[in-house]
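Read through the structure below, which is laid out as structure tokens, and then see the notes.
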């Protein structure tokens, strides 16, 4: 363990996806694509029941490099060697003694563990899932929330959900810079005052019976949140509006 | 709007997935399965470039009922008719003026809107995505976090991520109750069309040199999110604006 934590991409690079006894080549490809699109790259295949064939490559699309770099292992222990945390993604829960988390609950802990060493995320076969013996080798269970009436998540989709959670967890810690310049309080107030005068000018607002018009418009503008440029646009609209009235008056 | 908010499953039932010009049958099936496993059921296909064939049904697995219930539409407006919120899932961002959210940021607002009416989640074609005109008809953009070096999320996987977020949000969080009645898609489009005509009438918008005025205003209204009453207020403002011009002309 180093003193300085690795940068974010290194944390994702330390998370390996372990697919146990997968039988459909399309799922290998889908898993590879799901991984790469979220910045994961290390794929381990435990006793695969299918080859990395044309269908797998087609479904991998631009992530064929992840398939080509896949490490094939004889059993789960081999695939988990060197890891500091192994989490099994499964729909089983009640009959098992493991701590069980949702993907959202699990992601921070997985990334935190990845600061220290390699982390494995383990998926069972499409038909049989993981055996009790295989589950016993994983420290955590992860249960993806699902419709109780139809819990049959596709393997590639299940990899996508966890990979997405891991990346989201990394990115959420960063506060995005605003892309536009917000208008200042006094600019917004000046615009609203000009709006009120303009609506009075064109006869839409009756100052003796204003009803709730201005509070409603104020609320609308507040909800949108005005940018500097938008204030300028609206002031232009109001000027044109009043000129129409003056020419008519 | 009823006094009693609908139960959670009804909120998911009000969220329609809109796939525009999809070309691969396998993606239709994967999207249907991704939907059903998270409790979504309503699928709209806009001008599909492929049929619901054997490959689509195979990939749908136990979600063939979602495919069979899909509604085919000629254009996006038809698919969005009656919705109170349309959000486009896209990898585009910087060149567009819409408010952009991550799936996690967007999910609570989508579910809140679904308390009031139907909500659409829109996906473009695998090759071309959504056109500017199609994006302009959606109020929000949703950007799934992705690896900058390989952003090519599979369509079915993108549906899976959003459907997962919506279900997770329901299971994790309290959805805020909407306080006002949201305007429908077609009401908002009609208002924007009237705004454009009115600004042309009063000489503020030059149809020969429209510049970026309408896209900027469209963006502003999208960010605010219009309520039914506000549509009525703005239409009143526009009528008064045009009358001023007519009296002057």
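Chains as they are written, first to last, in this note's numbering: chain S, 1 to 249; chain P, 1001 to 1249. Each residue gets a CB set at the ideal place from its N, CA and C atoms; glycine is no exception.
Distance between residue j and residue i (C-alpha atoms, nearest Å)
i, j, result
"residue 244 of chain S", "residue 1156 of chain P", "53 Å"
"residue 1126 of chain P", "residue 1132 of chain P", "16 Å"
"residue 152 of chain S", "residue 1062 of chain P", "8 Å"
"residue 47 of chain S", "residue 79 of chain S", "10 Å"
"residue 1064 of chain P", "residue 119 of chain S", "36 Å"
"residue 40 of chain S", "residue 69 of chain S", "12 Å"
"residue 161 of chain S", "residue 1159 of chain P", "11 Å"
"residue 16 of chain S", "residue 1135 of chain P", "37 Å"
"residue 1218 of chain P", "residue 171 of chain S", "29 Å"
"residue 199 of chain S", "residue 1089 of chain P", "38 Å"
"residue 71 of chain S", "residue 1025 of chain P", "31 Å"
"residue 1087 of chain P", "residue 1103 of chain P", "10 Å"
"residue 1036 of chain P", "residue 106 of chain S", "24 Å"
"residue 228 of chain S", "residue 214 of chain S", "21 Å"
"residue 1141 of chain P", "residue 1011 of chain P", "20 Å"
"residue 1018 of chain P", "residue 1077 of chain P", "11 Å"
"residue 1001 of chain P", "residue 187 of chain S", "With a pLDDT of 37 at residue 1001 of chain P, under the threshold of 50, the predicted position of this residue should be treated as unreliable, though the coordinate-derived value follows. The alpha-carbon atoms of residue 1001 of chain P and residue 187 of chain S are separated by roughly 36 Å."
"residue 201 of chain S", "residue 1115 of chain P", "39 Å"
"residue 208 of chain S", "residue 1154 of chain P", "60 Å"
"residue 1147 of chain P", "residue 1031 of chain P", "22 Å"
"residue 14 of chain S", "residue 66 of chain S", "14 Å"
"residue 197 of chain S", "residue 1049 of chain P", "53 Å"
"residue 44 of chain S", "residue 1027 of chain P", "26 Å"
"residue 178 of chain S", "residue 1210 of chain P", "Confidence at residue 178 of chain S is low in this model, with a pLDDT of 48, below 50, so the placement of that residue should be treated as unreliable; the coordinate-derived value is given next. Approximately 27 Å between the Cα atoms of the pair."
"residue 58 of chain S", "residue 52 of chain S", "10 Å"
"residue 1206 of chain P", "residue 1180 of chain P", "35 Å"
"residue 1121 of chain P", "residue 1185 of chain P", "13 Å"
"residue 23 of chain S", "residue 1221 of chain P", "50 Å"
"residue 1113 of chain P", "residue 1137 of chain P", "17 Å"
"residue 238 of chain S", "residue 1242 of chain P", "12 Å"
"residue 1235 of chain P", "residue 1098 of chain P", "23 Å"
"residue 174 of chain S", "residue 1009 of chain P", "Residue placement at residue 174 of chain S is flagged as unreliable, the pLDDT there being 45, under the threshold of 50; a coordinate-derived value is accordingly withheld."
"residue 145 of chain S", "residue 1054 of chain P", "29 Å"
"residue 1128 of chain P", "residue 75 of chain S", "43 Å"
Enclosing beta strand (DSSP E) for residue i [first to last residue]
i, result
"residue 185 of chain S", "No beta strand (DSSP E) contains residue 185 of chain S, which is instead part of the alpha helix (DSSP H) from 185-201."
"residue 45 of chain S", "42-46"
"residue 1016 of chain P", "1015-1020"
Coil, strand or helix - residue i by DSSP
i, result
"residue 1055 of chain P", "helix"
"residue 233 of chain S", "helix"
"residue 9 of chain S", "helix"
"residue 146 of chain S", "coil"
"residue 209 of chain S", "coil"
Element boundaries [alpha helix (DSSP H), containing residue i]
i, result
"residue 1028 of chain P", "1025-1038"
"residue 1222 of chain P", "1213-1224"
"residue 167 of chain S", "155-172"
Whole-number beta carbon distance between residue j and residue i, since they are thought to touch under 8 Å
i, j, result
"residue 38 of chain S", "residue 164 of chain S", "6 Å"
"residue 1082 of chain P", "residue 1056 of chain P", "At roughly 26 Å, the Cβ-Cβ gap does not stay under 8 Å, so residue 1082 of chain P and residue 1056 of chain P are not in contact."
"residue 1111 of chain P", "residue 1169 of chain P", "6 Å"
"residue 216 of chain S", "residue 1233 of chain P", "6 Å"
"residue 231 of chain S", "residue 183 of chain S", "5 Å"
"residue 240 of chain S", "residue 1203 of chain P", "6 Å"
"residue 1042 of chain P", "residue 1060 of chain P", "At roughly 15 Å, the Cβ-Cβ gap does not stay under 8 Å, so residue 1042 of chain P and residue 1060 of chain P are not in contact."
"residue 130 of chain S", "residue 20 of chain S", "6 Å"
"residue 1195 of chain P", "residue 1139 of chain P", "With a Cβ gap of about 16 Å, residue 1195 of chain P and residue 1139 of chain P do not count as contacting."
"residue 1223 of chain P", "residue 225 of chain S", "7 Å"
"residue 143 of chain S", "residue 100 of chain S", "5 Å"
heavy atom of the ligand GDP below 7 Å from residue i C-beta
i, result
"residue 1017 of chain P", "Ligands in the displayed structure: none, and consequently the ligand GDP is not present."
Subject >> Whole beta strand (DSSP E) elements within the segment 1059-1142 of chain P, 3-residue minimum >> reply: 1071-1073, 1083-1089, 1118-1123, 1140-1142
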